[in-house]
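Residue numbers (my numbering): 360 to 881. Below is one structure, written out as structure tokens; the observations come after it.
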Ligand code: NAP
């Protein structure tokens, strides 16, 4: 049995208790335990805060080189990581690549940004404001690294990408990190950090890892720290309301769940390119990473007169999804992360099926390829169809974190926007249209309640990156129910770990500061 350890104050250490078991979701067999009880987590946070200053002393180019070095270590061990992702997350090779390559790609992207920024340690916004009649008193805005530590609390579904997309931005901003992966899938995060630590490329205190429940982690936060949380809305609400968090008021970024929509436009011809691209996208939503993506399509809005054709074509696609052991080359849909997640998904489906009929799935499959459907955490790909857009409640509100989505009919643009907004704020929406004018109308309506809107028309065609895929160039996060957070987005992501200061003074002083900084508009 594997016993995961935490990397605290520069030392790998096991927890003092028995810990929680983590499993192979394909068989249900226990793989090991994870535990952080009895560890000096507060001491580790203080160590990171004190020793992590080494990162702030590095230039952007040096921080970028560090990110590159981390990526190189990870690339060298990719095959081992894919094996862990299959065994502990039930990932197919494709699922594992999204998580592992996604993490490596984001590190490399931020490494390139660091190289571009060069020798500075601060960013200065372009342009200056004149504050007096004479040209002798002006202001510019600079961004500098805050003296705190970044506390990253991550969700179970991306033990690689979730870890590194946050580390990449924090390190480039000059902030040390204490990361806490979700217990169910912490093995991959632990193994990756072990490899990076062993490569001896990290400055002391730059990266710590808490494997386990993280007892006392939130009690250790202080004023200049930044907490970036990804997970369920319930845990996010608990963190917001935590007494120490409220009292010390660290920066707080919450990435929670959402009931994302894909909208087939009225302009999209049945059987046309865009129509078929959406069919492919929804088939991916019901198979890739077993549907466990926070940005995944949960609701599909389809013009009333196209419903029958769309559902018929989609059912045929869903019937082609091979469910089973993720080690088999033909498997497209592996198990959920564990039986607890399956129970939660089934409970959610019980609420959704009170409002929408299952056209396919809705339960544990009778059989799957190469595994026992009940012992493993398998769930059938589930397509629900709502009779009308009206009188739906759970469909707009309950996130079934698995391979499930609901098709909902609509009429006008306004109705589509009104239905999308019933989700009360989401991470990502996508529009599938033949006419740019329709995309523009819908996008204008959807933008205020979404962090990202993907518009697929015949010009974008098959070159788009997909509804759920988070690109480091674009911000990730969403308003309202989605948590109100914002991550990534190129240099925009650095804001969270940096202090913006209005610097007022003489042109000569401002020029001297600018000479030491990299000019960038955040
Ligand atoms: P979760 O149960 O909320 O857990 C998220 C993280 O919070 C885990 O690391 C968990 O640790 C930790 N946690 C729970 N209680 C804590 C406490 N008292 N103090 C410190 N940490 C605590 O969510 P999940 O089941 O892992 O993830 C699934 C959910 O995340 C879905 O709803 C999904 O939509 C959402 N998600 C959102 C995004 C996004 O970017 N918006 C991305 C991925 C997932 P333990 O595992 O040790 O309990």
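Yeah, the Cβ is synthetic: ideal placement off N, Cα and C, and Gly gets one too.
Residues 498, 500 of the same chain have their beta carbon placed closer than 7 Å to that of residue 861, with the five preceding and five following residues left out of the count.
If you draw a straight line from the Cα of residue 412 to the Cα of residue 534, it is about 8 Å long. Comparing alpha carbon positions, the residue from 556, 475, 483, 384 closest to residue 429 is 556. Residue state for residue 658 is assigned as strand, using DSSP reduced to three classes. When beta bridges are read from the DSSP output, residue 768 appears opposite 661. In chain order, 683, 684, 687 place their CB closer than 7 Å to the CB of residue 729, counting only its own chain and leaving out the 5 sequence neighbours on each side.
For residue 417, the CB stays at least 7 Å from every heavy atom of the ligand NAP.
Unbroken beta strand (DSSP E) runs of no fewer than 3 residues, entirely contained in the stretch 635-713, are found at 656-662, following chain order.
Of 455, 714, 652, 731, the smallest CA-CA separation from residue 388 is found for 731. Contact check for residue 448 against residue 571 fails: the beta carbons are separated by 8 Å or more. For residue 497, the three-state secondary structure derived from DSSP is strand. For residue 877 and residue 476, the gap between their C-alpha atoms comes out near 6 Å. Counting the other Cβ atoms within 10 Å of the Cβ of residue 496 gives fewer than 16, which makes it exposed.
One Cα belongs to residue 758, the other to residue 821, and the distance between them is close to 28 Å. When the beta-carbon positions are compared, residue 537 and residue 560 stay at least 8 Å from each other. With fewer than 16 other CB atoms across the displayed protein chains lying within 10 angstroms of its CB, residue 702 is exposed.
CA-to-CA, the gap between residue 580 and residue 404 works out to about 8 Å. With a cut-off of 7 Å, the C-beta of residue 616 is classified as near the ligand NAP, since at least one heavy atom of the ligand falls inside that distance. The closest heavy atom of the ligand NAP lies less than 7 Å from the beta carbon of residue 591. The stretch 454-468 and the stretch 595-603 do not touch, with fewer than 3 CB-CB distances between them shorter than 8 Å. Non-local C-beta neighbours of residue 528 in its own chain, meaning closer than 8 Å and more than five positions away in sequence, comprise 469, 846, 847, 852, 853, 855, 856, ordered along the chain.
Three or more Cβ pairs drawn from the stretch 644-656 and the stretch 777-790 lie within less than 8 Å of each other, which places the two stretches in contact.
With a threshold of 7 Å, the Cβ atom of residue 392 does not count as near the ligand NAP, since no heavy atom of the ligand is closer than that. By the Cβ rule, the stretch 607-617 does not count as touching the stretch 428-447, because fewer than three pairs are nearer than 8 Å.
Residue environment analysis places residue 490 among the exposed positions, since fewer than 16 neighbouring C-beta atoms fall within 10 angstroms of its C-beta.
Residue 467 sits in a helix when the DSSP states are folded into three classes. Note on the stretch 568-634: whole alpha helix (DSSP H) runs with a minimum of 4 residues are 592-599, 602-607, in chain order.
Residue 481 is bridged by DSSP to nothing; it lacks a bridge partner.
Under the three-state reduction of DSSP, residue 832 is assigned to coil, being neither helix nor strand. Of the heavy atoms belonging to the ligand NAP, at least one sits nearer than 7 Å to the Cβ of residue 594. Beta-bridge analysis with DSSP links residue 511 to 538, 587.
By the 16-neighbour rule on beta-carbons within 10 angstroms, residue 567 is buried.
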